[in-house]
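Here the sequence shown is numbered in my numbering, starting from 410 and rising by one per residue.
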Amino acid sequence: MSLNFKAALQHIDAVANSSLNDADKVDRINNVNFNQFVSLEETAAKVELDEQILALNKNVINYQALLTAKSKLGGIMKLAINGGR
(Lines of atoms letter the chains of each structure in order from A and count residues from 1; the text may use other names and numbers.)
(Lines give C-alpha, C1' and ligand atoms only; values in the text may rest on other atoms or scores of the structure.)
Protein backbone atom coordinates (compact mmCIF):
# COMPACT_ATOMS: atom_id res chain seq x y z
CA MET A 1 0.00 0.00 0.00
CA SER A 2 1.32 3.44 -0.80
CA LEU A 3 0.02 6.99 -0.50
CA ASN A 4 0.55 9.38 -3.38
CA PHE A 5 1.54 12.19 -1.03
CA LYS A 6 2.23 14.66 -3.83
CA ALA A 7 -1.24 14.22 -5.35
CA ALA A 8 -2.88 14.57 -1.93
CA LEU A 9 -1.01 17.82 -1.26
CA GLN A 10 -1.89 19.14 -4.72
CA HIS A 11 -5.56 18.43 -4.04
CA ILE A 12 -5.43 20.23 -0.69
CA ASP A 13 -3.49 23.12 -2.26
CA ALA A 14 -6.13 23.43 -5.00
CA VAL A 15 -8.88 23.63 -2.38
CA ALA A 16 -6.88 26.15 -0.32
CA ASN A 17 -6.31 28.38 -3.35
CA SER A 18 -9.87 28.15 -4.64
CA SER A 19 -12.38 30.99 -4.51
CA LEU A 20 -14.40 29.34 -1.72
CA ASN A 21 -14.84 31.14 1.58
CA ASP A 22 -12.59 30.05 4.45
CA ALA A 23 -15.24 27.98 6.24
CA ASP A 24 -15.94 25.95 3.08
CA LYS A 25 -12.21 25.47 2.47
CA VAL A 26 -11.71 24.13 5.99
CA ASP A 27 -14.74 21.86 5.61
CA ARG A 28 -13.53 20.44 2.29
CA ILE A 29 -9.98 19.93 3.53
CA ASN A 30 -11.22 18.19 6.69
CA ASN A 31 -13.39 15.90 4.59
CA VAL A 32 -10.78 14.88 2.01
CA ASN A 33 -11.05 11.17 1.31
CA PHE A 34 -7.42 10.07 1.30
CA ASN A 35 -8.42 6.61 0.03
CA GLN A 36 -8.46 8.10 -3.46
CA PHE A 37 -4.72 8.69 -3.14
CA VAL A 38 -3.89 5.21 -1.86
CA SER A 39 -2.82 2.48 -4.23
CA LEU A 40 -2.98 -1.15 -3.22
CA GLU A 41 -0.58 -3.65 -4.65
CA GLU A 42 -1.61 -6.61 -2.52
CA THR A 43 0.25 -9.37 -4.33
CA ALA A 44 3.51 -7.45 -4.50
CA ALA A 45 3.11 -6.29 -0.91
CA LYS A 46 2.50 -9.85 0.34
CA VAL A 47 5.54 -11.16 -1.50
CA GLU A 48 7.66 -8.27 -0.26
CA LEU A 49 6.44 -8.79 3.31
CA ASP A 50 7.27 -12.50 3.12
CA GLU A 51 10.75 -11.66 1.85
CA GLN A 52 11.27 -9.11 4.63
CA ILE A 53 10.13 -11.60 7.29
CA LEU A 54 12.49 -14.20 5.83
CA ALA A 55 15.40 -11.72 5.90
CA LEU A 56 14.52 -10.73 9.47
CA ASN A 57 14.48 -14.38 10.59
CA LYS A 58 17.84 -14.95 8.92
CA ASN A 59 19.30 -11.94 10.73
CA VAL A 60 17.89 -13.12 14.07
CA ILE A 61 19.39 -16.59 13.62
CA ASN A 62 22.76 -15.13 12.62
CA TYR A 63 22.70 -12.75 15.60
CA GLN A 64 21.87 -15.58 18.01
CA ALA A 65 24.68 -17.68 16.56
CA LEU A 66 27.14 -14.80 17.01
CA LEU A 67 26.04 -14.26 20.62
CA THR A 68 26.40 -17.97 21.36
CA ALA A 69 29.84 -18.11 19.76
CA LYS A 70 30.96 -14.99 21.63
CA SER A 71 29.72 -16.41 24.91
CA LYS A 72 31.50 -19.73 24.37
CA LEU A 73 34.68 -17.99 23.25
CA GLY A 74 34.56 -15.83 26.37
CA GLY A 75 34.21 -18.94 28.52
CA ILE A 76 37.17 -20.61 26.82
CA MET A 77 39.29 -17.45 27.21
CA LYS A 78 38.38 -17.25 30.91
CA LEU A 79 39.30 -20.90 31.38
CA ALA A 80 42.64 -20.34 29.60
CA ILE A 81 43.42 -17.24 31.68
CA ASN A 82 42.64 -19.07 34.91
CA GLY A 83 44.92 -21.93 33.87
CA GLY A 84 42.12 -24.44 33.49
CA ARG A 85 40.70 -23.90 36.95
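A virtual CB, placed ideally from N, CA and C, is assigned to each residue, including glycine. Only a predicted model underlies this, so the values are computations on that prediction, with no experimental measurement involved.
Inter-residue Cα distance where the pair is residue i and residue j
i, j, result
"Gly483", "Asn471", "18 Å"
"Leu475", "Lys481", "10 Å"
"Asn466", "Lys434", "49 Å"
"Ile438", "Ala432", "10 Å"
"Asp459", "Phe446", "25 Å"
"Gln473", "Ser427", "59 Å"
"Val469", "Leu463", "10 Å"
"Ala478", "Gln461", "26 Å"
"Ala423", "Leu429", "11 Å"
Contact under 8 Å by Cβ, residue i with residue j
i, j, result
"Phe443", "Ala425", "no"
Contacting residues, own chain, Cβ-Cβ under 8 Å from residue i (five flanking each side not counted)
i, result
"Ile421", "Ile438 and Val441"
Residue closest to residue i, alpha-carbon to alpha-carbon, out of the options
i, options, result
"Asn413", "Leu449, Glu457, Leu429 and Asn491", "Leu449"
Cutoff 6 Å; reference residue i; Cβ partners in own chain excluding five residues on either side
i, result
"Ser411", "Ser448"
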